[in-house]
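Numbering (the numbering used here), first residue to last: 345 to 480.
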């Protein structure tokens, strides 16, 4: 698991870590029993404060997604994955094809994110922009 921190997103760094971890759980990239990177490893890769990583991990623990094991690390307790969102799902393949077409048509990453956010908002209700923005 590698975290990518966007300092210009306006989303708190610890929330970016929480959201990226949840996305990895949803996509099946992390599974129960997997070990998250140590705070030291995340700090080395992202140049953020170790307390920020620990805050994110505490939030994930509060949500019942991970559990710290003293001296061993932080481990995933449960998955958020659904078969329909897996790497071999037809929906993912359709989205990949659509995204490639959008890119070839000249849309930027931000254009695609805005378009997807507006469609998701219309379909599911509520404002999802902050969730997508936090995942760039």
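Ideal Cβ placement from N, Cα and C applies to all residues, glycine included.
If we count the other Cβ atoms within 10 Å of its Cβ and call it buried at 16 or more, is residue i buried or exposed?
{"i": "residue 381", "result": "buried"}
{"i": "residue 439", "result": "exposed"}
{"i": "residue 409", "result": "buried"}
{"i": "residue 437", "result": "exposed"}
{"i": "residue 386", "result": "buried"}
{"i": "residue 383", "result": "buried"}
{"i": "residue 400", "result": "buried"}
{"i": "residue 404", "result": "buried"}
{"i": "residue 435", "result": "exposed"}
{"i": "residue 420", "result": "buried"}
If we ignore side chains and look at the alpha-carbon of each, how far apart do residue i and residue j end up?
{"i": "residue 355", "j": "residue 349", "result": "9 Å"}
{"i": "residue 448", "j": "residue 414", "result": "49 Å"}
{"i": "residue 361", "j": "residue 368", "result": "11 Å"}
{"i": "residue 376", "j": "residue 346", "result": "17 Å"}
{"i": "residue 465", "j": "residue 388", "result": "36 Å"}
{"i": "residue 457", "j": "residue 370", "result": "19 Å"}
{"i": "residue 407", "j": "residue 364", "result": "14 Å"}
{"i": "residue 353", "j": "residue 359", "result": "11 Å"}
{"i": "residue 424", "j": "residue 443", "result": "24 Å"}
{"i": "residue 418", "j": "residue 463", "result": "36 Å"}
When DSSP labels each residue in this structure, what does residue i get in the three-state scheme?
{"i": "residue 462", "result": "helix"}
{"i": "residue 355", "result": "coil"}
{"i": "residue 346", "result": "coil"}
For chain D, is any of its Cβ atoms less than 8 Å away from the one on residue i?
{"i": "residue 387", "result": "Of the chains in the structure shown, none is chain D; there is only one protein chain."}
From what residue to what residue does the alpha helix (DSSP H) around residue i run?
{"i": "residue 387", "result": "383 to 390"}
{"i": "residue 394", "result": "394 to 406"}
{"i": "residue 434", "result": "434 to 448"}
What residue range is occupied by the uninterrupted beta strand (DSSP E) comprising residue i?
{"i": "residue 412", "result": "410 to 413"}
DSSP has residue i in a bridge; who is on the other side?
{"i": "residue 418", "result": "412"}
{"i": "residue 366", "result": "None; residue 366 has no bridge partner."}
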